[in-house]
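Participant: Got a structure for you, questions after.
Protein chains in written order, with our numbering: chain A, 256 to 534; chain B, 9 to 312.
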């Protein structure tokens, strides 16, 4: 009898004879969420270089281009040097890029082509847990990648306040909302080509109207009102306050907006992905 | 007078289950019980509703009507508990190609809540079962089709389930790999694990299943041990007559008038229950009736 045969016999004997009952499982189990995240983390150990490159380099290029390009022409905006203004603004753009895009494309690949979610759902894992794990994992990454442009800005002379240590947390909360947005849209999409509409029609206007490169104060009233319900605007405002302007009471409003956005999109993403995955 | 022990509760029970996809009824009033400890083969042609049935057992499809219980848990409400105690081997490969065999099994050991202290051992055992120990650290995308299928089975067994669902476990595999997997499934069955296996391969059902349920148009049309099904629906012997198409058509017309049970069998016309018509049949080749004969009589469809 080979070693494989022995192991096979012992395992099968145990599987056949067992009459155990599992404990009652809850709707969202930390074990399942961590399990799905462990899959993402394991995959990340293989592709971290490409993921990190795309998430960090693009915002950094924007920062350098705008910082040195427009920065040479514009001296101050709202009491900030242009490098301070754009250095803090592009943090939000980095968060958007490193959360919404993985939410969109990663989710689509996993349910349509790799059928990863089908494999999870055959195990004791529910859609709530899949979505929670995905947004936590990608949100954590956004919490880290969002700091890259800020570190570059610091290297070029930005002098942050001590409260800047809150930036990763702000990036995480904001990132969670945008991953959930990506998951929701991905679950509704019929084809990966549909994402072009979202990229051009939603994400690009989102980071252009968030006070990233220029203030929204001069926008026409309607556009200004829309900018105020843009979650990225609240991310930009919070980051700018904790890094250079100083924390204010209004920041509680920004934080509440980001938390509400994350919570709402989390539930919507679960709803849409359940519709997609469960017949 | 002795009192007989009550029958054990079924591992799977479906009663009056209906599943529709828009205007299409994939499962049409399915009643199915799988007693614990047996291998039940769900045999049917493509489109019979087998895969939909399998998906309903993991609550990946929700029945429109009827009730489903798996290992005593009511679905879909308690499906998570049921899934924790069963293993699923899907028809379509859904392995993470970027991971190694060991990484795949470790992730699923977590998902199946194998305690951390037992996880490594469970993974090693699952690798050994699938004969993949030497490939433990090979990436999935570098494995052959047969190895990937064995890994799918190992993934479904990593938590030592009481029930295993196998959805077309050997579809698309070459005969040698199919034999390997049959040995693996046979070992599961021999050790008392309940197995529900959907297949459209007659030989697979005949070789592995204690009981076969023939499924067609979303319903079970016959159930029994393979030999009993053959006897009941195809008789003892089948008489195959070969000849040009016109001759076979003529013979078919004659058979219809005489009330013979017949089917096309490749280039021949097969007359079933041949033992009932001794002396009245034209020249041909006599052979033992098979499950395929019974299947075609039951469903009206040819199968692989």
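All C-beta atoms in this analysis are idealised placements derived from N, C-alpha and C, irrespective of residue type, glycine included.
Shorter than 7 Å from the beta carbon of residue 379 (chain A) to some beta carbon of chain B?
Facilitator: Residue 379 (chain A) sits at position 124 when you count from the first residue of the first chain. Taking Cβ atoms only, chain B reaches closer than 7 Å to residue 379 (chain A), which makes this a yes.
Participant: Flag this pair as touching only if the stretch 367 to 386 of chain A and the stretch 449 to 459 of chain A have three or more C-beta atom pairs under 8 Å; answer yes or no.
Facilitator: No, they do not touch.
Participant: What does a CB cutoff of less than 8 Å around residue 283 (chain A) pick up in its chain, not counting 5 residues either side in sequence?
Facilitator: The residue given as residue 283 (chain A) occupies position 28 in the first chain. Within the same chain, residue 283 (chain A) has close Cβ partners 381, 383, 384, 387.
Participant: Please check if any C-beta of chain A sits within less than 7 Å of the C-beta of residue 121 (chain B).
Facilitator: Residue mapping note: residue 121 (chain B) aligns to position 113 of the second chain, counting from 1. Output row for residue 121 (chain B): interface = yes.
Participant: Output needed for residue 348 (chain A): all residues of its chain with C-beta closer than 7 Å, excluding positions within five of it in sequence on either side, in chain order.
Facilitator: In the first chain, the residue the question calls residue 348 (chain A) occupies position 93. Counting only Cβ-Cβ distances below 7 Å, and skipping sequence neighbours, we find 314, 317, 462, 467.
Participant: Under the assumption that residue 431 (chain A) contacts residue 394 (chain A) (Cβ atoms under 8 Å), give the Cβ distance between them as a whole number of angstroms.
Facilitator: Here residue 431 (chain A) refers to the residue found at position 176 of the first chain. Here residue 394 (chain A) refers to the residue found at position 139 of the first chain. Yes, they are in contact, since the Cβ atoms of residue 431 (chain A) and residue 394 (chain A) sit about 4 Å apart, within 8 Å.
Participant: Less than 7 Å separating the beta-carbons of residue 248 (chain B) and residue 293 (chain B)?
Facilitator: Within the second chain, numbered from 1, the residue matching residue 248 (chain B) stands at position 240. Within the second chain, numbered from 1, the residue matching residue 293 (chain B) stands at position 285. Yes, the Cβ-Cβ distance between residue 248 (chain B) and residue 293 (chain B) is below 7 Å.
Participant: Considering only residues of the same chain and omitting the five flanking positions on each side of residue 429 (chain A), which have a CB-CB separation below 6 Å?
Facilitator: Within the first chain, the letter at position 174 stands for residue 429 (chain A). Within the same chain, residue 429 (chain A) has close Cβ partners 350, 490, 513.
Participant: In chain order, what residues of the stretch 99 to 131 of chain B put their CB closer than 7 Å to some CB of chain A?
Facilitator: Residues passing the 7 Å Cβ filter: 100, 102, 104, 106, 107, 111, 115, 116, 118, 119, 120, 121.
Participant: Under DSSP, the alpha helix (DSSP H) around residue 384 (chain A) begins and ends at which residues?
Facilitator: Locating residue 384 (chain A) in the first chain gives position 129, counting from the first residue. Residues 382 to 400.
Participant: Buried or exposed, going by whether 16 or more other CB atoms sit within 10 Å of the CB of residue 262 (chain A)?
Facilitator: For the purposes of this step, residue 262 (chain A) is taken as the residue at position 7 of the first chain. Interpretation of residue 262 (chain A) is limited by its pLDDT of 39, a score under 50 that renders its predicted location unreliable; the figure taken from the coordinates is listed afterwards. Residue 262 (chain A) comes out buried.
Participant: Mind listing the chain B neighbours of residue 361 (chain A)? Cutoff is C-beta to C-beta under 9 Å, in chain order.
Facilitator: Within the first chain, residue 361 (chain A) is the residue found at index 106, counting from 1. What residue 361 (chain A) touches in chain B: nothing, since even the nearest Cβ is about 12 Å away.
Participant: How is residue 300 (chain A) classed by DSSP in three states: helix, strand or coil?
Facilitator: Here the question's residue 300 (chain A) lines up with position 45 in the first chain. Helix.
Participant: Evaluate contact between the stretch 209 to 219 of chain B and the stretch 261 to 268 of chain B, counting only Cβ atoms and requiring at least three cross-stretch pairs below 8 Å.
Facilitator: Counting Cβ pairs under 8 Å, fewer than three are found: no touch.
Participant: What residues from chain B crowd round residue 371 (chain A), counting only those whose CB sits closer than 8 Å?
Facilitator: Position 116 of the first chain, counted from the start, is the residue given in the question as residue 371 (chain A). Those within 8 Å of residue 371 (chain A) in chain B are 102, 104.
Participant: Strictly below 9 Å CB to CB, what residues from chain A border residue 70 (chain B)?
Facilitator: Position 62 of the second chain holds residue 70 (chain B). Near residue 70 (chain B) (Cβ distances below 9 Å), the residues of chain A are 533, 534.
Participant: Step through the CB atoms of chain B and report whether any lies within less than 7 Å of the CB of residue 290 (chain A).
Facilitator: On the first chain, residue 290 (chain A) is found 35 positions in, with the first residue counted as 1. Judged by the 7 Å Cβ criterion, residue 290 (chain A) is in contact with chain B.
Participant: Please report whether the beta-carbon of residue 20 (chain B) lies at a distance below 7 Å from any beta-carbon of chain A.
Facilitator: Stepping through the second chain from its first residue, residue 20 (chain B) is reached at position 12. Answer no: the Cβ-Cβ gap between residue 20 (chain B) and chain A never drops below 7 Å.
Participant: The beta strand (DSSP E) with residue 271 (chain B) in it runs from where to where?
Facilitator: Taking the first residue of the second chain as position 1, residue 271 (chain B) is located at position 263. Looking at the DSSP string, the run of the beta strand (DSSP E) that includes residue 271 (chain B) is 270 to 273.
Participant: When you compare the CB of residue 28 (chain B) with every CB in chain A, is at least one pair closer than 7 Å?
Facilitator: Walking along the second chain from the start, residue 28 (chain B) turns up at place 20. No, residue 28 (chain B) lies away from the interface with chain A (no Cβ there is under 7 Å from its Cβ).
Participant: Can you tell me whether residue 208 (chain B) is helix, strand or coil according to DSSP?
Facilitator: As a first step, residue 208 (chain B) must be located in the second chain, where it is residue number 200. It is coil, neither helix nor strand.
Participant: Give, in chain order, every unbroken run of the alpha helix (DSSP H) that is at least 4 residues long and sits entirely within the stretch 168 to 216 of chain B.
Facilitator: Taking only runs of at least 4 residues, the alpha helix (DSSP H) segments lying wholly in the stretch 168 to 216 of chain B are 183 to 198, 210 to 216.
Participant: Taking DSSP as the reference, what is the three-state secondary structure of residue 468 (chain A)?
Facilitator: To locate residue 468 (chain A), count along the first chain from 1; it is residue 213. Residue 468 (chain A): coil per DSSP, three-state reduction.
Participant: Who pairs with residue 340 (chain A) in a beta bridge, going by DSSP?
Facilitator: Start at 1 with the first residue of the first chain, and residue 340 (chain A) comes out as number 85. Residue 340 (chain A) pairs with nothing; no bridge assigned.
Participant: Answer with yes or no whether the minimum CB distance from residue 269 (chain A) to chain B is below 7 Å.
Facilitator: In the first chain, the residue the question calls residue 269 (chain A) occupies position 14. Below a pLDDT of 50, predicted positions are generally treated as unreliable, and residue 269 (chain A), at 39, falls in that range; the measurement from the model is reported next regardless. By this cut-off, residue 269 (chain A) is an interface position.
Participant: Out of B:236, B:245, B:227, which one is the CA nearest neighbour of residue 57 (chain B)?
Facilitator: Looking up residue 57 (chain B) in the second chain gives position 49. Of the candidates B:236, B:245, B:227, the one whose C-alpha sits nearest the C-alpha of residue 57 (chain B) is B:227.
Participant: What in chain A is Cβ-close to residue 217 (chain B), meaning under 7 Å?
Facilitator: Against the second chain, residue 217 (chain B) aligns to sequence position 209. Chain A residues near residue 217 (chain B): none, gap ~17 Å exceeds 7 Å.
Participant: Can you pull the DSSP bridge partners for residue 27 (chain B)?
Facilitator: Position 19 of the second chain, counted from the start, is the residue given in the question as residue 27 (chain B). B:35.
Participant: So what does residue 120 (chain B) bridge to, in DSSP terms?
Facilitator: Here residue 120 (chain B) corresponds to residue number 112 of the second chain, with the count starting at 1. Looking at the DSSP assignment, residue 120 (chain B) forms no beta bridge with any residue, so it has no partner.
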